[in-house]
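Visitor: Right, I'll just put the structure down here and ask away after.
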Amino acid sequence: MPPPYGTKAYWDARFQHEEKYEWLLPANSLNAVIREALLHHQTSGGGDGSAPQILHIGCGSSDLSFQLRDLVASPRQITNVDYSPTAVQKCRLREAAALSATTTSDPTSTCDAISCAEDVPVLLPFTSPRNDVQPRQTDNDNEAGAAKTALVHPAHLLAVHMAVLTPPRTGRWCALSYSDDRFSFMDPDSSSTAVDEDLLERRFPDPRRFWKVERKERATVAPPAAATGSGGHVVHQPEIAHWLYAMVRSNEMP
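Residue numbers for the sequence shown follow my numbering, beginning at 182 and rising by one.
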């Protein structure tokens, strides 16, 4: 039985003992994708002209939090978050020991971890967390009365929440996954992995309105030293590869 990656208790317990761990690929694997996103922000006018901001969801114990400091002008441009207070506290201690300024990072394999979790109860119709967005009322809402709960896949909900946080048009979402179809629900021609039609009818936002997969790149893991069997023969080691994704934000708002 696989570990319960989707539970907060698992990560709190793990980070009590784990000092550093890189998921899937080395911490610098996303550097090229992130540089492209930062360059796009500059060349596209950057919205209101402010410096680009990087949000790292699920920073864990990766060195990515420290390496990304070299990609931006100020550490204030980067924010690390993790729903395990233990992970956040350990990162702060590592940072204080290594640097005199704040450092940060960018999304890695949080999408994989939460996809192992149970579906999330969500009140529908969906109300954007943005303070300047008010829920839209219809006659059907009045007939139905109070909002009702529905179960939503964690990756679908993450995509909608990322759309709320990410600036339209200039924003980018970079992710690393072991799955070659992690974001197939963003494919406008997809039906098997798309959000359930019943949820859309009950006004859960369709993630395909907000995101388009701009880049999907296969990343091969460097093989370990060759192992030998009992007869002195080299043991075959299959190639291991993961996937880098870059999603571009549309102009639509949740």
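The beta carbon of each residue, even a glycine, is placed where N, CA and C say it ideally should be.
Can you give me the start and stop residues for the beta strand (DSSP E) that Ala427 sits inside?
Guide: In the sequence shown, counting from the first residue as 1, residue 427 sits at position 246. Element bounds for Ala427: Ala422 to Arg430.
Visitor: Rounded to a whole number of angstroms, what is the C-alpha to C-alpha distance between Ala277 and Gln258?
Guide: Here residue 277 refers to the residue found at position 96 of the sequence shown. Here residue 258 refers to the residue found at position 77 of the sequence shown. Near 18 Å, if we compare the C-alpha coordinates of Gln258 and Ala277.
Visitor: When burial is assigned at 16 or more other CB atoms within 10 Å of the CB, is Leu381 buried or exposed?
Guide: If you number the sequence shown from 1, residue 381 lands on position 200. So Leu381 counts as exposed.
Visitor: From Trp448 to Ser243, what does the alpha carbon distance come to, in whole angstroms?
Guide: What is shown of the chain runs 182 to 435, which leaves residue 448 out entirely.
Visitor: Using the three-state DSSP reduction, which class does Thr267 fall into: helix, strand or coil?
Guide: For this step, residue 267 is matched to residue 86 along the sequence shown. In this structure, Thr267 counts as helix in the three-state DSSP scheme.
Visitor: Assign His337 to one of three DSSP states: helix, strand, or coil.
Guide: The count along the sequence shown starts at 1 and reaches residue 337 at position 156. Residue state, collapsed to three classes: helix.
Visitor: Between Asp379 and Phe196, what straight-line distance do the alpha-carbon atoms span, to the nearest angstrom?
Guide: Residue mapping note: residue 379 aligns to position 198 of the sequence shown, counting from 1. Residue mapping note: residue 196 aligns to position 15 of the sequence shown, counting from 1. Linking Asp379 to Phe196 through their CA atoms gives a straight-line distance of about 39 Å.
Visitor: Alpha carbon to alpha carbon, what distance is there between Ala331 and Ala403?
Guide: Stepping through the sequence shown from its first residue, residue 403 is reached at position 222. Stepping through the sequence shown from its first residue, residue 331 is reached at position 150. If I take the Cα positions, the gap works out to 42 Å.
Visitor: What does the Cβ neighbour count give for His198, buried or exposed, with the cut at 16 atoms within 10 Å?
Guide: Residue numbering aside, residue 198 sits at position 17 when the sequence shown is read from its first letter. It counts as exposed.
Visitor: Whole angstroms is fine: what's the gap from Asp300's alpha carbon to Arg384's?
Guide: On the sequence shown, residue 300 is found 119 positions in, with the first residue counted as 1. On the sequence shown, residue 384 is found 203 positions in, with the first residue counted as 1. Between the alpha carbons of Asp300 and Arg384 lies a distance of about 17 Å.
Visitor: Using DSSP with H/G/I as helix, E/B as strand and the rest coil, what is Lys329?
Guide: Position 148 of the sequence shown, counted from the start, is the residue given in the question as residue 329. In this structure, Lys329 counts as strand in the three-state DSSP scheme.
Visitor: At which residues does the alpha helix (DSSP H) containing Arg195 begin and terminate?
Guide: As a first step, residue 195 is located in the sequence shown; it is residue number 14 there, counting from the start. Residues Lys189 to His198.
Visitor: With a threshold of 8 Å, are at least 3 pairs of Cβ atoms found where one atom belongs to the segment 202-220 and the other to the segment 261-269?
Guide: no
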